[in-house]
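Down below is the structure, laid out as structure tokens.
Chains as they are written, first to last, in our numbering: chain A, 430 to 897; chain B, 430 to 897.
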């Protein structure tokens, strides 16, 4: 428990003008059973133990220590008291609370340093057996210390000369298997089939530079196909080309190769490279938009517990995707995978709110999912990429729920079309085009049973296909 | 579930010469209850569902997809079959298994890319409700693709002219509160008190460049104290100076400032900056040793479940600290916080094995903690930093259990000494010195009741002080 000073605010305390003066976090914890037993043995109530735990979170993430320390001359104790974080808004029932951090605890433009504080050591506390950090609300000064996305929704639309509608994109499946030459052939089919409006191709997250599919060759060949298709179809094409590498200089080299070959996007795996990589790649001003894949995020964000949205027991130690999405927008990615309604991966129904995190100018807290909202000031809205087992039968619902500023990414949902790849392209173009003509999907399928869209729906139906 | 091909090996299958040909991972999962119900409805046994899940892990992290895709000319299907990962050694009771990944799936020198595969999307699968990745065993080619630590244990000992014994170090507490000038004054006391053998001072993880304690000024002032104390005491001193920043160029600038001021160590928060930051800072060859703090790791590594070491139920989604420690050694840090026996933070009793991960030449799997071992080839052994609520009464046990190649870090356990800071220095020096003279701690305290060590023990006792 926190010692030396109190880190729990008096009931009713609120931070003064938080968007100017504080970083705020919102958490839920479970108290460790042995800590509860020990507290009871000492005659301490569970309520008091929860207060101690909330105070310890505030202490450990700001100015505290586990034992009373020297407080004489030059001890730093007066400043530690003045600058300490305070736990407040304690919800004794749900074991939720907020922490308010004065700005002098942080460097404004240093996300890695901020995390070392607000989510640094708190998950190690023995007195808690589970914890979820739902959100952080950042003050104006911190938001304004970052440039945010270089392009965002409007910037990418301008590059693609596409003022409205969603973008459609395909990741080759099998995830790994095609050679660089074969991938370029696939790109040619995607870009030129159907009515020539298929927008993009994307590398899978585990496609790097491999013996049979080298980054450099793939990059050049696929981008050459994009340029050729643009000429032929009159429509702009994009390639989400995966530069992910643990060596940032190699990522920069790869980005330059994309730029030199006329590409407009690089793809970075933002969790496996890390926050400093994302910040540094953005600051490098490569001239490319950044598409952010989020491989590995499940090991940070997932908690398959009833308490994941507040009510009921929490199981693990997690930080929500809402929290991460907020920081990736701040750091300046132009597009982020945020799950999707109907997708194969677990997202606890957060995808629609994550879209708002990425796109709202002034984000309100969600009325059910614990969250804090955010004023975005100078930071542009960005694309949400919807993916994970999506197929043409999902389009209507995905677009209804997420809106038009999304990249819908179908891998198997195109390449698994029973009539082949070109048919897969047509099915997706149809699903998109009828949506924007306001023709209901089921009506179209019924009236056009020989359409490629109908064949796709016959195979995969409407909505989620697999428990995966 | 995995489709198109089988990703589960026949019973008894083993990878051929894995240290040459495969990356191996070791995992445990829990099956989602609704997936179990659905499987039963379909007449599928839980055993078969577990096999499906294991196969899906192998598929999703290598060459699979959720639906059968085009397998004609240029489809990549033959290579996807040949290069696919295989789940094997299925333990139906404990729901544990291994996955063997052929090397052609990866770039040898790209940890961020490797993670996008082996721990990329698997934590998102809806059919599992919990997952822990215990370990990865890396093949020779991957190990040899990295330089590893520039200095390691021997290199740092050489710089410090200290051939044997542990190192002792203090992080100022309060964590934040002292000005740069006050921190330098504390450094002077630490470096010059007692018998002048106190080794080091360290920044706390959330001490960055703040309005009242700027990085540049602190760096210069503390290193000046180190140089002055070396002259006065004849003993080398170190400062673990925290360069953590989400902008890698700023980290490099700070590293240069340390080097220019005669420092030998930089401290990086390796999770909040990320794997690419660590790799890139190492590759930059700054001439400094890298001290790795691990703030935020609890949100990746912690699972307070009975099943955390195999037997019993698992609660959350996690990757073990053993796994992370292995990669940080590979990426080239020279010292890593790895918990400690008697420490305040939860570590599931793994600290001693983590020390072996960091220091063994040929690491054997642990006989209780699920693990795979590792041949380290060219990669140097590194320091383990033991910290978290440690105090002088812990020294004997910590040194007995972890050996001499450790940095013992006491913050409150020095600065909270009842007789002040100098007394705290003396107490720690005494605890260390009697250990190397083979005098039992309790015996010394009994025979020297007026020693500073005895006063420390009177306050904090022996062993863990707090449920924290």
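Glycine residues also receive a C-beta, built at the ideal position from the N, C-alpha and C atoms.
- For residue 629(B), the enclosing beta strand (DSSP E) has its first and last residue at 629–631.
- DSSP places residue 491(A) in the coil class of the three-state scheme, outside both helix and strand.
- One alpha carbon belongs to residue 513(A), the other to residue 488(A), and they sit about 7 Å apart.
- With fewer than 16 other Cβ atoms inside 10 Å of its own Cβ, residue 469(A) counts as exposed.
- Annotation: Cβ neighbours of residue 727(A) in chain B (cutoff 7 Å, chain order): 552, 553 and 746.
- With its beta carbon less than 9 Å from one in chain A, residue 680(B) belongs to the interface.
- Bridge pairing for residue 839(B): absent [DSSP].
- Membership of residue 566(B) in the beta strand (DSSP E) is indicated by the continuous run 557–566.
- In the DSSP annotation of this structure, the continuous segment of the beta strand (DSSP E) that includes residue 459(B) starts and ends at 451–460.
- Residue 655(B) carries a helical assignment under DSSP once its states are collapsed to helix, strand and coil.
- Contact annotation: residue 653(A) and residue 620(A) have beta-carbon atoms that are not nearer than 9 Å.
- Among the residues of the segment 536–547 of chain A, those with a Cβ less than 9 Å away from any Cβ of chain B are 536, 538, 539, 540, 541, 542, 543, 544, 545, 546 and 547, in the order of the chain.
- In the three-state reduction of the DSSP assignment, residue 639(A) falls in the strand class, which pools E and B.
- DSSP places residue 746(A) in the uninterrupted beta strand (DSSP E) bounded by 746–748.
- Annotation: Cβ neighbours of residue 706(A) in chain B (cutoff 7 Å, chain order): 703, 705 and 706.
- The three-state reading of DSSP puts residue 595(A) in coil, since its state is none of H, G, I, E or B.
- Short of 7 Å from the beta carbon of residue 547(B), and not among the five residues preceding or following it, lie these beta carbons of its own chain, in chain order: 452, 454, 490, 530 and 565.
- Residue contact check for residue 733(B) against chain A: a CB pair falls below 9 Å.
- Its Cα nearest to that of residue 578(A), the residue 762(A) stands out among 598(A), 762(A), 623(A) and 696(A).
- For the segment 758–796 of chain A, the continuous beta strand (DSSP E) assignments of 3+ residues that do not extend past its boundaries occur at 764–766, in sequence order.
- Residues 847 of the same chain have their beta carbon placed closer than 6 Å to that of residue 888(B), with the five preceding and five following residues left out of the count.
- Sequence-ordered contacts of the segment 567–593 of chain B with chain A are nonexistent [C-beta pairs closer than 7 Å].
- Straight across, the Cα-Cα distance linking residue 608(A) with residue 642(A) is about 5 Å.
- In the three-state DSSP reduction, residue 806(A) falls in the coil class, being neither helix nor strand.
- Residue 496(B) sits close to residue 432(B), with the two beta carbons spaced by under 9 Å.
- If you draw a straight line from the Cα of residue 732(B) to the Cα of residue 708(A), it is about 30 Å long.
- Secondary structure note for residue 872(B): its alpha helix (DSSP H) is the uninterrupted segment 870–876.
- In this structure, residue 541(B) sits away from residue 518(A), with a CB-CB distance that is not shorter than 9 Å.
- Distance check between residue 777(B) and each of 797(B), 705(B) and 434(B) places 797(B) closest, using alpha-carbon atoms only.
- Looking from the CA of residue 500(A), the closest CA among 662(B), 780(B), 441(B) and 615(B) belongs to 615(B).
- Burial state of residue 521(B) is exposed, judged by a 10 Å Cβ sphere holding fewer than 16 other Cβ atoms.
- For residue 518(B), the enclosing beta strand (DSSP E) begins and ends at 515–520.
- Chain B places no beta carbon closer than 9 Å to that of residue 647(A), leaving this residue out of the contacts.
- Under the Cβ criterion (8 Å, minimum of three pairs), the segment 688–706 of chain B counts as touching the segment 544–558 of chain A.
- Taking the Cα positions, residue 459(B) is about 10 Å away from residue 465(B).
- DSSP places residue 524(B) in the coil class of the three-state scheme, outside both helix and strand.
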